[in-house]
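To keep things clear, I will list the structure first and then write my remarks on it.
There are 2 protein chains.
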Amino acid sequence: MFRGANKVTVDSKGRLAIPTRYRERIGQRSDGQLVITVDRQCLLIYPLPDWEEIERKLIRLPSLHPQARRLQQFMVGYASDVTLDSHGRVLLAKELREFAAIDRQALLIGQGNKFELWDEARWSQRIDEWLEDEQTGESDLPPELESLSL
Amino acid sequence: MFRGANKVTVDSKGRLAIPTRYRERIGQRSDGQLVITVDRQCLLIYPLPDWEEIERKLIRLPSLHPQARRLQQFMVGYASDVTLDSHGRVLLAKELREFAAIDRQALLIGQGNKFELWDEARWSQRIDEWLEDEQTGESDLPPELESLSL
DNA sequence: TCGCAGAGTGGGAAAAAGTGGGAAATCTAG
DNA sequence: CTAGATTTCCCACTTTTTCCCACTCTGCGA
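Just so you know, the protein sequences line up as chains Z and B, in that order.
Residue numbers for the first sequence follow our numbering, so the first one is 77 and each next one is one higher.
Residue numbers for the second sequence follow our numbering, so the first one is 77 and each next one is one higher.
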């Protein structure tokens with residue numbers, strides 16, 4: 077399981093160093109092969125085998141449903157294969173950096189079987205939104221959440 | 077599986093360079109032969125064998141059904157055979173370029189067994205639509221999507 | 001406190017990919 | 001049959017990518 081948040085920097089060539097503590101696990105799981113794709117506002121980073129499972133699920137969705145089609149289009153469409161280089165870095169394609177507005181400072185957030193990669197500014201904006209929503213009590217939670225005990 | 081987004085440029089002669097990482101696969105699958113046809117807003121690029129399968133399916137559709145007829149007409153009608161040249165480029169027929177409003181800057185989007193080719197401006201418009209819909213909570217998702225865990 | 005080791009960062013050079021243009025070949029129309 | 005136009009093929013230049021090396025920084029132990 078990947079956990080924890082790390083500040084990371086993307087250098088001028090678009091390279092991103094994966095924090096060392098994850099490298100061994102990634103090496104084991106997929107021989108250093110990762111797939112990076114887009115979410116609404118951030119990028120998602122999967123070990124190759126985990127991605128392949130997701131991809132299978134996506135492809136099985138009904139392709140005439142516009143929302144499903146769009147999800148396929150974006151997630152599979154942007155998915156890019158990368159391999160860790162000799163220093164444990166991966167190259168973020170320009171298209172991905174543009175999509176997620178990632179310039180230099182970013183946050184790598186462990187999320188179980190994947191990572192999220194956020195532009196620093198967007199992330200803090202998101203924190204603000206979260207706190208605001210809590211304030212104004214925007215809480216029509218789905219039943220699964222209602223009964224969740226933390 | 078083809079995946080990933082690439083910025084590509086169509087030169088003044090209408091030629092499009094297929095990114096190298098796909099070439100080997102295309103060479104194996106169809107000896108460099110591709111079929112390019114139209115979708116509603118973009119072009120579709122299939123390896124020849126995959127296209128032939130699609131074509132068979134299309135032709136078997138009930139030809140009295142107006143929507144099916146139209147799909148046949150456009151997809152089969154515009155389908156054009158191309159071969160990779162010595163530098164891995166293909167020639168986009170003028171009719172196809174006009175149909176999809178592809179002028180110079182375009183995006184090649186891997187979608188499993190095929191590619192989509194979008195005019196750059198149209199594609200970013202599509203991204204905007206996606207983000208908007210998500211915002212406004214247009215969520216009559218099909219059950220397959222509701223329960224999808226990424 | 002100093003120095004060493006591991007991690008992170010930046011940059012240079014070789015190689016590969018992308019791009020554009022020209023010449024030869026083919027086609028079309030008069 | 002010929003002249004013009006279009007297509008096809010190939011070559012050369014430019015840009016990007018990739019690989020590798022070197023320097024810096026931080027944290028830990030001596």
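Even glycine gets a Cβ: it sits at the ideal position worked out from N, Cα and C.
Beta carbon proximity, residue i to chain B, threshold 7 Å
i      : result
R116/Z : yes
R165/Z : no
V86/Z  : no
E171/Z : yes
Partners in chain B for residue i, counting only beta-carbon separations shorter than 8 Å
i      : result
S156/Z : R79, G80, A81
Proximal chain B residues relative to residue i, where beta-carbon distance stays under 7 Å
i      : result
R146/Z : W206
I130/Z : L226
Residues near residue i in its chain [Cβ-Cβ closer than 7 Å; skip 5 each side]
i      : result
G186/B : F78, R79, G80
G90/B  : L167, L168, K170, R173
S106/B : P123, L124, P125
R101/B : none
F150/B : V114
Y98/Z  : F78
L224/Z : none
Residue i at chain Z interface by Cβ criterion, 7 Å
i      : result
G90/B  : no
E174/B : no
E210/B : yes
Expected contact under 8 Å - CB spacing of residue i and residue j to nearest Å
i      : j      : result
I113/B : A155/B : It should be noted that the sequence gives Thr, not Ile, for residue 113/B. Correct: roughly 4 Å between the Cβ atoms.
L160/Z : I203/Z : Contact doesn't hold; Cβ gap of about 30 Å is too wide.
E192/Z : L134/Z : Not really, about 18 Å apart at Cβ, beyond 8 Å.
V152/Z : E129/Z : Between E129/Z and V152/Z the Cβ distance is about 13 Å, and since that is not below 8 Å, they are no contact.
Chain-ordered neighbours of residue i on chain Z, where CB pairs are closer than 8 Å
i      : result
Q187/B : Q148, Q149, V152, G153
Sequence-distant residues of its chain with Cβ nearer than 6 Å to residue i (five each side left out)
i      : result
W199/Z : L183
N82/B  : P95, L184
W127/B : V111
Q109/Z : L124, T159
N189/B : D126
Same chain, Cβ closer than 8 Å to residue i, five either side skipped, listed in chain order
i      : result
D179/Z : V86, R173, D195
S139/Z : R145, Q148
R165/B : R91, L92, A93, I94
Q117/B : A176, W194, R198, R202
H163/Z : A93
Residue i CB to nearest heavy atom of the ligand COA below 6 Å
i     : result
V84/B : Judged by which ligands are present, the structure shown has none, so any question about the ligand COA falls away.
Check your understanding: Of the residues that make up the segment 133 to 144 of chain Z, which ones have a beta carbon closer than 7 Å to any beta carbon in chain B?
Key -> The segment 133 to 144 of chain Z vs chain B, Cβ under 7 Å: K133, I135, L137, P138, H141, Q143, A144.
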